[in-house]
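Single-structure report; data block below.
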Amino acid sequence: MPSKRKDRFVLALVLLASALLLLPALSATDGSTKTKSDDGAAIVSVGKALHITDPVDGNVQSFGGSIEIDTAVHGDVLSIGGDVIVGVEGHVDGDLVVLGGKVTRKEAGAVDGSVVQPLWIGDALRKIPDGSDFLESLDRRFSVLILALKMSVLLVWLGVAVILALAGGREVRSSSLELRANPFHTLTVGLVGFTSFVLTAIVFGYLIPYFIGLPLLIALGLFAVVAKVYGMVAVFHAVGWYLFAPKTRDAIERRRYLKGDLAMVVLGLLVIGIVRMIPVVGGLVWMVASLMGLGSALATKFGRREPWFLAVATTRA
Amino acid sequence: MTQSECDDYLADREANPTHVESCDACQEAVRKLEALERGIAKARLEGDGAAVDPEALPVAAWEGASTRSWLAVMAVALVVAGLGLGGFVLLGINPIEGFVGALSGAMSAGHLLAVAKSAPNFLASAPMHVHAMIFAAFVLVNVIFVILLRKRLRGYDA
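Sequence order for the protein chains is A and B.
Heads up: the first sequence begins at 0 in numbering that gives the first Met the number 0, then just goes up one per residue.
Heads up: the second sequence begins at 0 in numbering that gives the first Met the number 0, then just goes up one per residue.
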């Protein structure tokens, strides 16, 4: 198939996939609530707001809906994609895990176990002695605390980037080259790849009751993390190369420090790390960089430039 | 004329000069060979003798790439550590505790397992058309993914 027709075909498939993914959100179906699941969860809710007023013996799980607790829950509470409000009369005996939502505790609302919000920067503050005193500063657009927390994470990224640049400099350079030569393609591969990982994880979720699901989920998670980390290092290299690489042989000869894969990676990391500090824009830039990195890692097969799928062509004798 | 005589002649034309006068097949073969040799000589590029100047070629991606600039690494590490740990010191937080706290924001294995194990509950509660959408989207997205992964890379050819 000629290249332009193939591109249009792929675009049509992407639009169709987007429509299919959006349909459940657009359809006028109410969510559902189930009591007593197989693993002992007392209440399981999908797409519905929950208001718990009667005591619950067991766990409460909600997906895509908020939870308001005004009584005792003798178990854990898990909310994905929804806020949790623990009212004055509310009490949670176990842990409160919230992914992609806020936690609000009214005056006397108590949680005996841990409150875990991994996608929220303030979660780190709870682990620091007296860190909760600084929670209010997180509401500001810019704060020294946010800078300190993000730079601490960036320090770990620096260590990982240096190790990868030393161990696989050629591969990182190869992925970085593809990123620079074909940025739109790598972004598209990253976007489609991320969607594929999410959907595959959901499909593996169906297999969890059959024991094979969890190992598959763990393997998928590990692969996704490795691809993301490798991809980000390639993005650092690409940014560093654009801004700081010597463009002539004279410059290569003259320079002592600002040359080489290692220098490009760390300088690119510094630039992206500083851009990430900018409110709103910084987060967007990091997200796009992550997708492009993932795309370049997958498109180049982690820099090896080998095909994932071999096309076998037969020849006539 | 035997095949072996023709083979001997074609292998070494100068050793058997009289063979071609009496063999039409070999005359034809020699005519074709000479035409081929003339064509090759004509197609051969006539250089002016000047060598290609490698300095004029654009810088390749791997030139200077193996240099390990530890000074750059240390400088960046100082800036990042200075901003991060210095920020904690400014706020009166122990920098080590602040650093460890920043990194321990990820979920524990136990909580990750609890989230994973809740997936079958959410799936069981979802309406039937959502299951159909999930499987259809899974197939479609992965087909697109495979098509994109099969696309030729640009990279060095750009």
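The beta carbon of each residue, even a glycine, is placed where N, CA and C say it ideally should be.
Values in this document were obtained by computation on a predicted structure and should not be read as measured data.
Determine, for Val287 of chain A, whether the minimum Cβ-Cβ distance to residues of chain B falls below 8 Å.
no
Check the DSSP bridge columns for Leu49 of chain A and list the partner residues they point to.
A:Ile66
Any idea if Ala59 of chain B is buried or exposed, counting beta-carbon neighbours within 10 angstroms, 16 or more meaning buried?
exposed
Please state the DSSP three-state secondary structure of Ala24 of chain A.
In this predicted model, Ala24 of chain A has a pLDDT of only 48, less than 50, meaning its place in the structure is not dependable; the value taken from the coordinates is given anyway. In this structure, Ala24 of chain A counts as helix in the three-state DSSP scheme.
Touching or not, the stretch 46-53 of chain A and the stretch 61-73 of chain A, by the rule of three or more beta carbon pairs under 8 Å?
yes
With 7 Å as the C-beta to C-beta threshold (strictly closer), list the residues of the stretch 75-86 of chain B near chain A in chain order.
Val75, Ala76, Val78, Val79, Ala80, Leu82, Gly83 and Gly86
Report yes or no: is there a C-beta of chain B within less than 8 Å of the C-beta of Tyr205 of chain A?
yes
Taking Cβ-Cβ distances below 8 Å as the criterion, which residues of the stretch 136-147 of chain B are in contact with chain C?
The question asks about chain C, but that chain is absent: this structure's protein chains are A and B.
Let me know if Ala118 of chain B comes out buried or exposed under the rule of 16 or more other beta-carbons within 10 Å of its beta-carbon.
buried
What three-state label does DSSP hand Val19 of chain B in the structure shown?
helix
So the beta strand (DSSP E) Thr103 of chain A belongs to, where does it begin and stop?
Val102 to Arg104
His18 of chain B versus Lys41 of chain B: straight-line alpha-carbon distance, rounded
29 Å
From the beta carbon of Glu13 of chain B, is the nearest beta carbon of chain A less than 8 Å away?
no
List the whole-angstrom C-beta distance separating Asp260 of chain A from Ala76 of chain B, where the pair is believed to meet the contact cut-off of C-beta under 8 Å.
Asp260 of chain A to Ala76 of chain B, Cβ: 17 Å. No contact.
I'd like to confirm the pairing. Which residues does DSSP put opposite Val96 of chain A in its beta bridges?
A:Leu77 and A:Val115
Sufficient close CB pairs (3 or more, under 8 Å) joining the stretch 278-291 of chain A to the stretch 92-99 of chain B
no
Could you check whether the Cβ of Thr66 of chain B sits closer than 8 Å to any Cβ belonging to chain A?
yes
What did DSSP end up calling Ser174 of chain A once you bin it into helix, strand or coil?
helix
Short CB-CB distance (under 8 Å) between Val202 of chain A and chain B
yes
Cβ shell of Pro182 of chain A (< 7 Å), same chain only, five flanking positions each side left out:
Met291
Tell me where the beta strand (DSSP E) around Val85 of chain A begins and ends.
Val83 to Val85
Of the listed residues A:Gly112, A:Ile201 and A:Ser174, nearest to Leu219 of chain A (C-alpha basis):
A:Ile201
Report the residues of the stretch 61-80 of chain A with a CB closer than 8 Å to any CB of chain B, ordered along the chain.
Phe62, Asp75, Leu77 and Ile79
Unbroken alpha helix (DSSP H) run spanning Tyr241 of chain A, endpoints
Gly212 to Phe243
For His18 of chain B and chain A, any beta-carbon pair shorter than 8 Å?
no
Nearest chain A C-beta to Lys116 of chain B closer than 8 Å, yes or no?
yes
Just to confirm before moving on: does the CB-CB distance between Ala164 of chain A and Val264 of chain A stay below 8 Å?
yes
Could you list the residues in the stretch 257-285 of chain A with a C-beta less than 8 Å from some C-beta on chain B, going in chain order?
Leu257, Lys258, Gly259, Asp260, Leu261, Ala262, Val265, Leu266, Leu268, Leu269 and Gly272
Hey, out of A:Arg104, A:Asp53, A:Gly74 and A:Ser44, whose CA is closest to Ser124 of chain B's CA?
A:Ser44
Nearest to Ala71 of chain A by CA position, among A:Glu88, A:Ile271 and A:Ser113, is which residue?
A:Glu88
Thinking Leu269 of chain A and Ala101 of chain B are a contact (beta carbons under 8 Å), I'd like their distance in whole angstroms, please.
At roughly 18 Å, the Cβ-Cβ gap does not stay under 8 Å, so Leu269 of chain A and Ala101 of chain B are not in contact.
Segment limits, alpha helix (DSSP H) that includes Arg275 of chain A:
Asp260 to Arg275
Can you tell me which of the three DSSP states Ile251 of chain A falls into?
helix
What distance in whole Å lies between the Cβ atoms of Ala237 of chain A and Leu297 of chain A, which are believed to be in contact at a cut-off of 8 Å?
Leu297 of chain A to Ala237 of chain A, Cβ: 16 Å. No contact.
Who does His90 of chain A pair with in a DSSP beta bridge?
A:Ala71 and A:Ala109
With distance defined between alpha-carbon atoms, name the residue in A:Leu98, A:Ala41, A:Pro245 and A:Ser289 nearest to Ser78 of chain A.
A:Leu98
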